[in-house]
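Inspection log for the structure reproduced underneath, given as structure tokens.
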Amino acid sequence: MRVYNTLSRQKETLEPVSPGKVGIYLCGPTVYKPSHIGHMVGPVIFDAVKRYLVYSGYQVTWVVNITDVDDKLIKESNARGMKMSELAEEMTADYKNNLSAMGVDTIDAFPKATENIDEIIQLTQTLIDKGFAYQSGSDVYFEVLKDKEYGKLSRRSVEQMTGEGGDMAERKRSPADFALWKGAKTGEPAWKSPWGEGRPGWHIECSAMSRKLLGESFDIHGGGLDLIFPHHENEVAQSECCHGKPQAKYWMHNGLMQASSEVGKLGGRNTRETAVGDQAAQEAGKIGKSKGASAFSELLKQFDGETIRFFLLSTHYRRPIDFSNERIEEVRTGLETFYRFFKRYERTTGEDFYRVPVTLKRVEGDQLQLSGNLGEALKGHRQRFIEAMDDDFNTGGAIGDLFELLRALNKYCDDEKLDNVSSLKPEAIAALKQGARVLRELAGTLGLFRAAPQASTGDDDGLVGKLMELMIKYRADARKNKNFALGDAIRKDLAELGLILEDRPTGTEWSLKR
RNA sequence: GACGCUGAAGCCAAACGGUCAGGCAACCGCCUGCAGAGCGGUUCAGAUGUGGGUUCGACUCCCACCGGCGUCUCCA
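Structure representation (structure tokens):
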């Protein structure tokens, strides 16, 4: 299995610090505003990473921190006239709700900065004792020049960092130094420390909490590309100066979500046309920079979590993703082909696709007996899927393979005419079931197709369903009498209400247009 | 300026130096009373911005140039 390591800028073979176990630390949100789609990218990717590693036989511990003390939290909670802790609580709940809507439920711990102040103080003190940090007034700064390796992650030299040092420049020995501990001004949330009342700096909590939960050296550290500098650079400096050993073996950074200039993407307009006076193009850029990032909970009203997950995983994690509703809708169209197959599967086998047993371990899947034409095809698809995932978690390539697998299964149903005479073909049904099993095994590693998406039929208590049964019955009578005009009219009128009828050999099915 | 990313069909997009996955869209065919779905095919590649180089062989590696973009102490 190979992983791209930001540290070496290369793919490397995954060799955990302790064999068979993988510790993952992903930088989570600063909880001062509702999360936007950008906050979901990392969790979704690492959810798939964890599932795949577990599938591959590793014992995985995945930690996502919650930064609940910070200048932005202080500012926002003041603006809203509430306590910082209340704001943090509200936004943490929002974040976790969004995660669960996305099916991200493999995170083992959500440590909070404010619950680890002792560890933070201890780590800061050690850095002072070792001469890497100094007190200045009631602040403590990390002295960048003392760390020979500083800049190794972002590949910058200290000399290049010609910043002015921010508001606190005059208290620092060098403008590049950064705060480990900030003395409190009156009215700010504060904790007691050897340097007076204050609060942690931005980066120190990750050093403290990753050590506490995963150890001084762990395997994978993740986050958005935008965190490489300064956050991760500073974090790795603190941790490694403190412990004298590597903090994380592999640094994985995901590409950022970008707001797409939608007009420019539609209808093949030429670039000149879109460049002139196109506001959408002007606003294109990273989501969440400041404006334009609408709350993720709003997006969830338009698309269900699995659709967004599928969208996020359908491209490689290191590549930036253009976000637009059109793009998600396009992806959803493809996703629905899977859902249609699941219904077809139920019609032909009489079994719920979502109850097909999931093969949880790769080694078990390897032992599945697959024979016959379909079996051979399944083997091939399974192998290509695994190859893609083994190569730096290439979920985009893996999903491509899932589509091919899907087509093979549909074709098998067609060729064997399973829609009509499935009961007469037990061997073919058995083969199809194996196919479903492989599909579930593979998709499961991406966290896909674990449960049927919530049908948003509204609050009609099943009344629509009963009505539709009546409509279908009357329409069937009309068609039986060759009154196709009436039959077609019913179908057409229902379609205008967003109700789709599909005639099949086994009868007519209805569904809501999405 | 520094550190990076990127340029492939109408659009999105995967790819250890050797056969350019896959999806969306459109059209055609099979199937169907018709439609939808599914399947097959086409649009769909003078090989991937331009020009060089390395190589038996380059989307892939190197150089230059032309576009697009990100980060540089608020960021996932």
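Residue numbers (the numbering used here): 1 to 514. Cβ coordinates follow ideal geometry from the N, Cα and C atoms, glycine included. Every value quoted in this text rests on a predicted model; they were computed, and no experiment measured them.
Asked	Found
Coil, strand or helix - R523 by DSSP	Here the chain has residues from 1 to 514 only, and residue 523 is not among them.
Cβ distance (whole Å) where C27 is taken to contact L227 below 8 Å	6 Å
In chain order, each beta strand (DSSP E) run of at least 3 residues that lies wholly inside the region 14-88	21-26, 59-64
Alpha-carbon spacing of Q122 relative to H316, whole angstroms	39 Å
Between the CA atoms of T333 and G57 - distance to the nearest angstrom	34 Å
Beta-bridge partners of F218, as assigned by DSSP	A248
N- and C-terminal bounds of the alpha helix (DSSP H) containing Q122	117-129
C-beta atoms of T114 and V158 nearer than 7 Å	no
Own chain partners of H39 with C-beta closer than 6 Å, once the 5 adjacent residues on each side are dropped	P29
DSSP three-state assignment for K185, whether helix, strand or coil	coil
Enclosing beta strand (DSSP E) for N420 [first to last residue]	Element bounds for N420: not the beta strand (DSSP E) but the alpha helix (DSSP H), 418-421.
Opposing strand residues paired with N5 [DSSP bridges]	Q10
Contact between the region 250-258 and the region 79-99 (3+ Cβ pairs under 8 Å)	no
Chain-order list of residues whose beta-carbon lies under 8 Å from that of A431 (same chain, five-residue window excluded)	G372, L374, G375, Y412
Cut-off 6 Å between Cβ atoms - residues of its own chain near M1, not counting five sequence neighbours on either side	L14, D390
Status (buried if at least 16 other CB within 10 Å, exposed otherwise) for V363	exposed
Any non-hydrogen atom of the ligand SAM closer than 6 Å to K75 Cβ	In the structure on display, the ligand SAM does not appear, and there are no ligands present to speak of.
Proximal residues to M487 (C-beta, below 6 Å), its chain only, five neighbours per side dropped	Reading the sequence as shown, one finds Gly at residue 487 and not Met. Excluding sequence neighbours, G487 sits near R475, A478, R479.
F403 - containing alpha helix (DSSP H), residue span	395-415
Burial state of Q383 (16 or more Cβ within 10 Å)	exposed
N-terminal and C-terminal residue of the alpha helix (DSSP H) that Q238 is part of	233-243
Within 7 Å, strictly: CB atoms of L405 and L439	yes
For F311, the nearest candidate out of I45, V17, R9 (CA to CA)	I45
Same chain, Cβ closer than 7 Å to V104, neighbours up to 5 away in sequence not counted	P43, V44, D47
Pairwise C-alpha distance: N116 and Q135	21 Å
Alpha-carbon spacing of R491 relative to K482, whole angstroms	15 Å
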